[in-house]
Amino acid sequence: MLFLQGVTYYHPNKDLLFQDIHFAVERRSKIALIGNNGAGKSTLLRLMAGELQPSGGRIRAEGKSFYVAQLYDRFNGLTVAGVLGIAEKLKALNEILAGNVTGANLELLDDDWEMEDRCRQAFRAWNLDGLRLDQPMDTLSGGEKTKVFLAGIAICRPDIVLLDEPSNHLDAASRTLLYEYIRSTTDALVVVSHDRTLLNLLPVVCELSKRGIAVYGGNYDLYAEQKRIESDAREQELKGREKELRKAKVTARESLERQQKLDARGKAKQEKAGLPTIAMKTFRNNAEKSTARMQDVHTEKMAALARDLDQLRKELPDPGKMKINFDDSSLHTGKVLITAADINFAYGGKAIWREALTFQIRSGERVAIKGDNGVGKTTLINGILGNLQPANGHIDRAGMSAVYVDQQYSLIDNQLTVLEQVQQDNSGALQDHEIKIRLTRFLFSKEDWDKPCAVLSGGEKMRLILCALTVRHQAPDLIVLDEPTNNLDIQNLGILTAAVNDYQGTILVVSHDAIFLEEIGIGREMVLDMGSDSAADPDMGSD
């Protein structure tokens, strides 16, 4: 149905993204496309969708594709009908029903008399009752925009569905609907996602890297097990190469010492034999050349081994090195940090939640805030941090320090370089070389240090925030994470999980990722309920 033959893509600045990609999507196949941030997953989907053209190679499609993009800002000037590609057909239908039965209108409609009914059914299936086809996209929340596109699958009836991080911005109920669609559909699917629950519903995993696409039979759990086996094998190879390099150094030293002894004995014999001065010089020159050749051979061998080792180490980033290993919080475990008594927030004169909230958060706790999109999770966070005051009740805060990692990574100053961003947090007076060591541990190589933060991906920004935290002298008492796994690839998700588990302070997190919440040891949940008569949070797009 969709065939990629030798596909190569260069960025507009001529940087190579990937090359010689061979890939096929067969009828009814369900494929997970994964890879590190920057590997080109979204670009590859856009190539498959026909939104981009390859720099080399060929893409052949048999059937109609439907692309659900990850970012929706470019659609804000369109209506719902416009983004679904049915605006002209809808206009033709309305004109025909009004009596303007022209050949052009009939051709545009293409006998699709049930289009409006199909739209209503699709919107109802995705809990979008009341959504109008002429409604502007910029009036919708992030979750609603995603569901518009997901509803568009049933409306447009494609042969191939291309999904780019479809579970981002979806609440738990909407994710359940997405998972059921993935299970039951007979559509051919290619899905880019970091959502491990979703990935485990797909029977084939394809990993995109600079080396091309590697195909792994089985779902994500089986892929992860195969990668673990591969990683163990590389670890063993790394240890073998390290041992080989140590042995080569010993051999080089012993060979040099042996050669120097032989040269000394030869020189002593020549002197004892009373050879002329010119003969002695010739002997000495030959001995020096022989020693130099031997040194060159050993040096070349050790350099080759060192290069192999460096490459192997790059392929095995160690999340264990990426620790938030500053001084632990000065607050003892169990101390009350936050006390909220009968609080509620209001918009338009209406309270957000069905019932007022009363709770405490203690030092050392790990708490998840849960609820559907628009229920006010981000509002509650801002109230806890003191950025908003409740309409009713009160919040008491102990003297504490907090770090808030929001969905826009606002802690990052896009005007700074990577190195400048970390230097800004250097409260521990680390030396410049120590900061660069920390950056390297968090996978920012020398080539990245002068890169402006504005060009970093979401995963890279999250990693940079974690790195910046490590140069602080004192740990914050509270770290708040608002949908931290959105836009993270599998590698960066592992890094985040390891760093959070290393932190000894208090964690408050908003996330729909059940596996992530389990892995970081959430001990308590706060579930928000908006209720039928409550006001919707105007900031619901970021919930």
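Each residue of the sequence shown is one higher than the one before, counting from 29 in my numbering. All C-beta atoms, glycine included, are put in the ideal place defined by N, C-alpha and C. No experiment lies behind these values; they were computed from the predicted model shown.
> DSSP puts arginine 425 in a beta bridge; with which residues?
Replying inline: For this step, residue 425 is matched to residue 397 along the sequence shown. Looking at the DSSP assignment, arginine 425 forms a beta bridge with Ile366.
> How long is the line joining the alpha carbons of serine 83 and threonine 36, rounded to whole angstroms?
Replying inline: Reading the sequence shown from its first residue, position 55 is the one you call residue 83. Reading the sequence shown from its first residue, position 8 is the one you call residue 36. Distance from the CA of serine 83 to the CA of threonine 36, rounded to the nearest whole angstrom, comes to 5 Å.
> Could you give the uninterrupted runs of the alpha helix (DSSP H) lying entirely in the stretch 427-463, keeping only those of 4 residues or more?
Replying inline: Runs found: 446-452.
> What distance in whole Å lies between the Cβ atoms of valine 219 and leucine 191, which are believed to be in contact at a cut-off of 8 Å?
Replying inline: Working through the sequence shown from its first residue, we reach residue 191 at position 163. Working through the sequence shown from its first residue, we reach residue 219 at position 191. Rounded, the Cβ-Cβ distance is 5 Å, consistent with contact.
>> Please report the distance separating the alpha-carbon of alanine 179 from that of alanine 150.
In response: Within the sequence shown, the letter at position 151 stands for residue 179. Within the sequence shown, the letter at position 122 stands for residue 150. Distance between the alpha carbons of alanine 179 and alanine 150 is about 5 Å.
> How many whole angstroms separate the CB atoms of valine 450 and arginine 466, which I take to be in contact at a CB cut-off of 8 Å?
Replying inline: Working through the sequence shown from its first residue, we reach residue 450 at position 422. Working through the sequence shown from its first residue, we reach residue 466 at position 438. About 7 Å; that satisfies the 8 Å criterion.
>> Assuming isoleucine 548 and asparagine 520 are in contact, meaning their beta carbons sit under 8 Å apart, how far apart are those beta carbons, in whole angstroms?
In response: For this step, residue 548 is matched to residue 520 along the sequence shown. For this step, residue 520 is matched to residue 492 along the sequence shown. Not a contact, Cβ separation roughly 15 Å.
>> Between threonine 445 and the ligand ADP, is there a pair consisting of the residue's CB and a ligand heavy atom that are separated by less than 7 Å?
In response: The model depicted lacks the ligand ADP and carries no ligand whatsoever.
> For lysine 474, does the three-state DSSP call read helix, strand or coil?
Replying inline: Indexing the sequence shown from 1 puts residue 474 at position 446. Helix at lysine 474.
> Nearest to isoleucine 423 by CA position, among Asp101, Gln47, Asp505, Thr367, is which residue?
Replying inline: As a first step, residue 423 is located in the sequence shown; it is residue number 395 there, counting from the start. It is Thr367 whose Cα lies nearest to the Cα of isoleucine 423.
> Is the beta carbon of isoleucine 493 less than 8 Å from the beta carbon of tyrosine 531?
Replying inline: Position 465 of the sequence shown, counted from the first residue, corresponds to residue 493. Position 503 of the sequence shown, counted from the first residue, corresponds to residue 531. No, Cβ-Cβ distance for isoleucine 493 and tyrosine 531 is not below 8 Å.
> Based on the DSSP secondary-structure assignment, which residues constitute the bridge partners of valine 53?
Replying inline: Within the sequence shown, residue 53 is the residue found at index 25, counting from 1. DSSP links valine 53 through a beta bridge to Leu30.
>> Let me make sure I understand the geometry here. Which of Phe387, Gln452, Lys117, Glu208 has the alpha-carbon closest to that of leucine 136?
In response: By 1-based counting over the sequence shown, the position of residue 136 is 108. The shortest C-alpha to C-alpha distance from leucine 136 to any of Phe387, Gln452, Lys117, Glu208 is the one to Lys117.
>> Quick check: the Cα distance between leucine 397 and lysine 238, rounded to an integer number of angstroms?
In response: Taking the first residue of the sequence shown as 1, we reach residue 397 at position 369. Taking the first residue of the sequence shown as 1, we reach residue 238 at position 210. Residue identity check: residue 397 is isoleucine in the sequence provided, not leucine. Rounded to the nearest angstrom, the gap between the Cα atoms of isoleucine 397 and lysine 238 is 38 Å.
> glutamine 388 to glycine 487, Cα distance in whole Å?
Replying inline: Within the sequence shown, numbered from 1, the residue matching residue 388 stands at position 360. Within the sequence shown, numbered from 1, the residue matching residue 487 stands at position 459. Glutamine 388 and glycine 487: Cα-Cα distance of roughly 32 Å.
> If you check the beta carbons only, do glycine 158 and asparagine 401 fall under 8 Å apart?
Replying inline: Here residue 158 is taken as the residue at index 130 of the sequence shown, counted from 1. Here residue 401 is taken as the residue at index 373 of the sequence shown, counted from 1. A distance of 8 Å or more separates the beta carbons of glycine 158 and asparagine 401.
>> Please report the straight-line C-alpha distance between arginine 146 and isoleucine 210, rounded to a whole angstrom.
In response: Residue numbering aside, residue 146 sits at position 118 when the sequence shown is read from its first letter. Residue numbering aside, residue 210 sits at position 182 when the sequence shown is read from its first letter. Approximately 20 Å between the Cα atoms of the pair.
>> So, does the stretch 221-232 touch the stretch 120-130, judging by three or more C-beta pairs under 8 Å?
In response: Taking 8 Å as the limit for Cβ pairs, the verdict is that the stretch 120-130 does not touch the stretch 221-232.
>> Suppose the cutoff is 6 Å on Cβ atoms and the five residues either side in sequence are ignored; what does the same chain contact list for alanine 334 look like?
In response: As a working note, residue 334 is residue 306 in the sequence shown. Here the set comprises nothing.
> Per DSSP, glutamate 393 is paired with what?
Replying inline: On the sequence shown, position 365 is the one that residue 393 refers to. In the DSSP secondary-structure assignment, glutamate 393 is not bridged to any residue.
> Is the stretch 62-74 in contact with the stretch 498-518, if contact means three or more CB pairs nearer than 8 Å?
Replying inline: Cβ pair count under 8 Å is three or more, so yes.
>> What residue range does the alpha helix (DSSP H) around methionine 143 cover?
In response: Here residue 143 is taken as the residue at index 115 of the sequence shown, counted from 1. Here the alpha helix (DSSP H) through methionine 143 covers 143-153.
> From which residue to which residue does the alpha helix (DSSP H) around glutamate 193 run?
Replying inline: In the sequence shown, counting from the first residue as 1, residue 193 sits at position 165. Here glutamate 193 belongs to no alpha helix (DSSP H), and DSSP marks it neither H nor E.
> Which one or two residues does DSSP pair with glutamine 388 in a beta bridge?
Replying inline: Residue numbering aside, residue 388 sits at position 360 when the sequence shown is read from its first letter. DSSP output for glutamine 388 lists Thr367 as bridge partner(s).
> Would the stretch 405-414 and the stretch 369-385 be scored as touching if the rule is three or more Cβ pairs under 8 Å?
Replying inline: These segments touch.
> glutamate 235 bridges to which residues according to DSSP?
Replying inline: To locate residue 235, count along the sequence shown from 1; it is residue 207. Glutamate 235 pairs with Ile62, Ala242.
> Roughly how many angstroms lie between the CA atoms of alanine 261 and serine 473, to the nearest whole one?
Replying inline: Start at 1 with the first residue of the sequence shown, and residue 261 comes out as number 233. Start at 1 with the first residue of the sequence shown, and residue 473 comes out as number 445. Counting only the Cα atoms, serine 473 lies some 25 Å from alanine 261.
> Between the Cα of arginine 102 and the Cα atoms of Lys173, Gly268, Leu205, Pro418, which residue gives the shortest distance?
Replying inline: Taking the first residue of the sequence shown as position 1, residue 102 is located at position 74. Closest by alpha carbon: Lys173.
>> Starting from arginine 211, trace the alpha helix (DSSP H) in both directions and tell me its first and last residue.
In response: If you number the sequence shown from 1, residue 211 lands on position 183. Counting along the chain, arginine 211 sits inside the alpha helix (DSSP H) bounded by residues 200-212.
> Near glutamate 235, which residues of its chain fall below 6 Å by C-beta distance, leaving aside the five closest residues on each side in sequence?
Replying inline: Taking the sequence shown and counting its residues from 1, one reaches residue 235 at position 207. Cβ neighbours of glutamate 235 beyond the five flanking positions: Ile62, Gly63, Ala242.
>> Within 10 Å of its beta-carbon, does glycine 533 have 16 or more other beta-carbons around it, so buried, or fewer, so exposed?
In response: Position 505 of the sequence shown, counted from the first residue, corresponds to residue 533. Residue burial annotation: glycine 533 is buried, with at least 16 other C-beta atoms found within 10 angstroms of its C-beta.
>> Just to confirm before moving on: does the CB-CB distance between serine 57 and alanine 77 stay below 8 Å?
In response: Within the sequence shown, numbered from 1, the residue matching residue 57 stands at position 29. Within the sequence shown, numbered from 1, the residue matching residue 77 stands at position 49. Not in contact: serine 57 and alanine 77 (Cβ atoms no closer than 8 Å).
> So which of Leu72, Leu229, Val555, Ile188 has the shortest CA-CA distance to glycine 399?
Replying inline: As a first step, residue 399 must be located in the sequence shown, where it is residue number 371. Comparing Cα-Cα distances from glycine 399 to each of Leu72, Leu229, Val555, Ile188, the minimum goes to Val555.
> What are the start and end residues of the alpha helix (DSSP H) that includes phenylalanine 177?
Replying inline: Taking the first residue of the sequence shown as position 1, residue 177 is located at position 149. Per DSSP, phenylalanine 177 belongs to the alpha helix (DSSP H) from 170-184.
> Who are the near neighbours of leucine 45 in its chain, counting only those whose CB is closer than 7 Å to its CB and skipping five residues on each side?
Replying inline: For the purposes of this step, residue 45 is identified with residue 17 of the sequence shown, where counting begins at 1. Contacts found: Tyr37, Tyr38, His39, Gly68, Thr71.
> Quick one: what's got a C-beta closer than 6 Å to alanine 52's C-beta in the same chain, skipping five residues either side?
Replying inline: Within the sequence shown, numbered from 1, the residue matching residue 52 stands at position 24. The residues are Phe31.
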